[in-house]
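For the sequence shown, numbering that gives the first Met the number 0 begins at 0 and goes up steadily by one. For glycine and all other residues, C-beta sits at the position ideal for the given N, C-alpha and C. Working notes, structure below.
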Amino acid sequence: MQRGKSADPLLDAALAVGEFVNPFILNAVPAGNVFALAHSPSGTSLIDQLSERVTSNVERIGVIGAFFDTELALIAELKKRWPMAEIVVGIDPESLQMPGSPPPGVARYVDARHLWTDNKNYLHAKAIYFEADQDSAFVSGSANPSRPAWISQASNGNVEAVLLRIGQSAIDTATDVGICGLFDLDSVGEEVLKNVKTRTAIERASNEVDPVPLLIGIANHESGNLDITLRADLMSFDHA
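See the structure below:
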């Protein structure tokens, strides 16, 4: 959830839940090589928490997700922190939300639908697999592969929770899920990525609606005044 895109009461409730859960996470005894990671706008970013636990000797990184930010910031950050790793991003070209254009030389983009041919549902999974032999890591949870979810630490950051597995548990999970198959897929063409960008822009524009007119009244007992503020476009306000 991101401030400005989700209702403030909903975001505040999520933050309250995060504050309630954090002590349990911090004081919990790790279940082998499985770790629960949480992020709120005022806390340590998920990518920093991940870097502390994932080896630097990563050979390949597989990413799947449905929502990316314009700069593809997480993909660039993964390349920065694990420069020797090959990065492959699995996408569903028909439903993917990716407003930006991938820069050359950072990652390959493949059609992840080829991995799950029996399933015609919308690809909504969010996961990252770091292939490094017995130090491999698999992380999945609520976080989309975007800056607000993984990198931002200011007020525009998201509230997220993910589960990180390291070692054989990560390898087994990645194999069961099928994400390892990303590395064997061919890259999609530039035209496919251009079409995704165009469709994303059209869909986002069509989803933009005028804000609901909101009247806010503040009564001042001492002055006897009642101040009323209108939060809306006067031209669209219905006086009927």
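Is the number of C-beta pairs between the stretch 88 to 108 and the stretch 31 to 39 that are closer than 8 Å three or more? no
Between the C-alpha atoms of H113 and E190, what's the straight-line distance to the nearest angstrom? Counted from its first residue, the sequence shown places residue 113 at position 114. Counted from its first residue, the sequence shown places residue 190 at position 191. Cα to Cα, H113 sits roughly 18 Å from E190.
What's the C-alpha gap between I170 and I127? Taking the first residue of the sequence shown as position 1, residue 170 is located at position 171. Taking the first residue of the sequence shown as position 1, residue 127 is located at position 128. Distance between the alpha carbons of I170 and I127: 12 Å.
Look up D226 in the DSSP assignment and give the residues it is bridged to. Counting from one through the sequence shown, the residue named residue 226 turns up at place 227. Looking at the DSSP assignment, D226 forms a beta bridge with I217.
Here's the rule I'm using: 16 or more other beta-carbon atoms within 10 Å means buried, otherwise exposed. How should I241 be labelled? No answer is possible for residue 241: the residues shown for the chain start at 0 and end at 239.
Alpha-carbon spacing of A111 relative to K196, whole angstroms: Along the sequence shown, one-based indexing puts residue 111 at 112. Along the sequence shown, one-based indexing puts residue 196 at 197. Looking at the two C-alpha atoms, the distance is approximately 17 Å.
How should E130 be labelled, buried or exposed, when 16 other C-beta atoms within 10 angstroms of its C-beta is the threshold for buried? Within the sequence shown, residue 130 is the residue found at index 131, counting from 1. Buried: at least 16 other Cβ atoms inside 10 Å.
Around the C-beta of V28, are 16 or more other C-beta atoms found within 10 angstroms, so that it is buried, or is it exposed? The sequence position of residue 28 within the sequence shown is 29, counting from 1. For V28, the predicted model reports a pLDDT of 48, less than 50, meaning its position is unreliable; a value from the coordinates is still stated below. Exposed: under 16 other Cβ atoms inside 10 Å.
Unbroken stretches of the beta strand (DSSP E), 3 residues or longer, contained in the stretch 139 to 175: 159 to 165
Please report the straight-line C-alpha distance between L181 and I63, rounded to a whole angstrom. For the purposes of this step, residue 181 is taken as residue 182 along the sequence shown, with counting starting at 1. For the purposes of this step, residue 63 is taken as residue 64 along the sequence shown, with counting starting at 1. The alpha-carbon atoms of L181 and I63 are separated by roughly 9 Å.
Does the stretch 42 to 54 come close enough to the stretch 131 to 141 that 3 or more CB-CB pairs lie under 8 Å? yes
May I ask you to report which of helix, strand or coil DSSP gives L49? Numbered from its first residue, the sequence shown carries residue 49 at position 50. L49 falls in the helix class under three-state DSSP.
Separation of P144 from S39, as counted between CA atoms: In the sequence shown, the residue the question calls residue 39 occupies position 40. In the sequence shown, the residue the question calls residue 144 occupies position 145. Straight-line Cα distance between these residues: approximately 16 Å.
Mind checking S100: buried by the 16 CB within 10 Å criterion, or exposed? By 1-based counting over the sequence shown, the position of residue 100 is 101. Result: exposed.
Nearest-angstrom Cα separation, counted from A218 out to G140: As a first step, residue 140 must be located in the sequence shown, where it is residue number 141. As a first step, residue 218 must be located in the sequence shown, where it is residue number 219. So the two alpha carbons sit approximately 45 Å from each other.
Beta-carbon spacing of L45, W149 below 8 Å: As a working note, residue 45 is residue 46 in the sequence shown. As a working note, residue 149 is residue 150 in the sequence shown. Yes. Within cutoff.
When we look at the beta-carbon of S151 and count the other beta-carbons within 10 Å, is it buried (16 or more) or exposed? For the purposes of this step, residue 151 is taken as the residue at position 152 of the sequence shown. When all chains shown are included, S151 counts as buried.
For V105 versus S186, is the C-beta distance shorter than 8 Å? Counted from its first residue, the sequence shown places residue 105 at position 106. Counted from its first residue, the sequence shown places residue 186 at position 187. Going by C-beta atoms, V105 is not nearer than 8 Å to S186.
Which of helix, strand or coil DSSP assigns to S55: Here the question's residue 55 lines up with position 56 in the sequence shown. Coil, per DSSP.
Could you check what DSSP says for S186 in three-state terms: helix, strand or coil? Position 187 of the sequence shown, counted from the first residue, corresponds to residue 186. Reduced to three states, the DSSP call for S186 is strand.
At the level of alpha carbons, what is the spacing between E76 and E202? The residue you call residue 76 lines up with position 77 of the sequence shown. The residue you call residue 202 lines up with position 203 of the sequence shown. Taking the straight line from one Cα to the other gives about 27 Å.
The alpha helix (DSSP H) enclosing E70, as first and last residue numbers: Reading the sequence shown from its first residue, position 71 is the one you call residue 70. It is not in any alpha helix (DSSP H) - E70 carries neither H nor E in the DSSP assignment.
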